[in-house]
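Q: Dropping a structure here in structure tokens format, bear with me for questions.
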Amino acid sequence: MWKKEKENATAGFTLVELMFVLAIIALAGMIAAPRVADTYRAMRFDTISDQLLNDLRFARKSAMDLNTDIRVSFTSGVDYTITVVATGRQLRNRNYPESNAGWTITFGGAKQIYFNSQGLPHNGSGNPVGGNVTITGGSGRTRVFTVYAATGMIR
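In terms of the working numbering, the sequence shown is numbered consecutively and its last residue is 166.
Right under this line is the structure:
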């Protein structure tokens with residue numbers, strides 16, 4: 012009648028079942044991978060642009076705290092330095108690998124912005140200057156900060 016199962020037989024999955032499960036996992040990974048990469052790039056852009064905003068505010072506050080001029084120099088791509096003008100001491104030096112991937116920071120046409128001891132922005136010759144600092148990511152994302160000449164506020 013009924014065939015009795017072997018007592019020492021082990022239960023398990025067949026090779027076909029395992030291959031089927033692996034194929035489903037691979038398919039799910041192929042669908043999710045581009046979204047993960049896009050999310051990473053978006054998060055990286057947000058991180059770098061937030062850091063730029065914080066560093067611009069840091070430069071302004073440092074100028075007031077140290078009672079001297081501070082220069083923010085946009086060197087290339089999204090790289091920049093924050094320097095005490097009188098001594099040449101660097102307070103910050105930001106270098107990002109995204110500079111090689113088409114990312115840019117612009118401040119009008121200028122490569123530098125200065126903050127005086129009152130926290131007001133100027134062009135290095137003492138003339139008040141304000142405008143937009145624009146950071147652009149390689150994927151075309153853009154974020155704009157406004158530096159107000161009259162107050163030095165950065166938003």
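Glycine included, C-beta positions come from ideal geometry on N, C-alpha and C.
Extract the residue ranges of the beta strand (DSSP E) inside the stretch 114-163, only unbroken runs of 3 or more that lie entirely within it.
A: As far as the stretch 114-163 is concerned, its whole beta strand (DSSP E) runs of at least 3 residues are 115-118, 123-126, 142-147, 153-158.
Q: Write down every uninterrupted run of the beta strand (DSSP E) in the stretch 33-104 whose length is 3 residues or greater and which is fully enclosed by it, in chain order.
A: 81-85, 91-95
Q: Is the CB-CB distance between Asn143 and Phe126 below 8 angstroms?
A: Along the sequence shown, one-based indexing puts residue 143 at 132. Along the sequence shown, one-based indexing puts residue 126 at 115. No, they are not a contact pair.
Q: CB Ile165 to CB Arg71, shorter than 8 angstroms?
A: Your numbering for residue 165 matches position 154 in the sequence shown. Your numbering for residue 71 matches position 60 in the sequence shown. A contact, by the Cβ cut-off of 8 angstroms.
Q: Mind checking Ser87: buried by the 16 CB within 10 Å criterion, or exposed?
A: Working through the sequence shown from its first residue, we reach residue 87 at position 76. Exposed.
Q: Give me, in chain order, the residues of the same chain whose beta-carbon lies closer than 7 angstroms to that of His133; leave out the 5 immediate sequence neighbours on both sides.
A: Counting from 1 along the sequence shown, the entry for residue 133 is found at position 122. For His133, same chain residues with a beta-carbon under 7 angstroms away, outside a window of 5 residues either side, are Tyr125, Asn127, Pro139, Val140 in chain order.
Q: Quick test of the definition: if touching needs 3 or more C-beta pairs under 8 angstroms, does the stretch 88-96 touch the stretch 32-43?
A: The stretch 88-96 is not in contact with the stretch 32-43.
Q: Evaluate Ser136 with the Cβ neighbour count: other Cβ atoms within 10 Å of its Cβ, from every protein chain shown; 16 or more gives buried, anything less gives exposed.
A: Here residue 136 refers to the residue found at position 125 when the sequence shown is read from its first residue. When all chains shown are included, Ser136 counts as exposed.
Q: Below 6 angstroms CB to CB, which residues in the same chain sit around Ala112 once its five sequence neighbours on both sides are set aside?
A: Residue numbering aside, residue 112 sits at position 101 when the sequence shown is read from its first letter. These residues qualify, in order along the chain: Gly149.
Q: Is the distance from the Cβ of Glu109 to the Cβ of Ile59 below 8 angstroms?
A: Position 98 of the sequence shown, counting from 1, holds the residue named residue 109. Position 48 of the sequence shown, counting from 1, holds the residue named residue 59. Yes, the pair counts as a contact, with Cβ atoms nearer than the cut-off.
Q: Kindly indicate which residue of Phe118, Leu26, Arg152, Gly151 has the alpha-carbon position closest to the one of Tyr159.
A: As a first step, residue 159 is located in the sequence shown; it is residue number 148 there, counting from the start. Out of Phe118, Leu26, Arg152, Gly151, the CA that lies nearest to the CA of Tyr159 is found in Phe118.
Q: Please state if the CB of Gln129 and the CB of Met75 are separated by a distance shorter than 8 angstroms.
A: Translated into positions along the sequence shown, residue 75 becomes position 64. Translated into positions along the sequence shown, residue 129 becomes position 118. A contact, by the Cβ cut-off of 8 angstroms.
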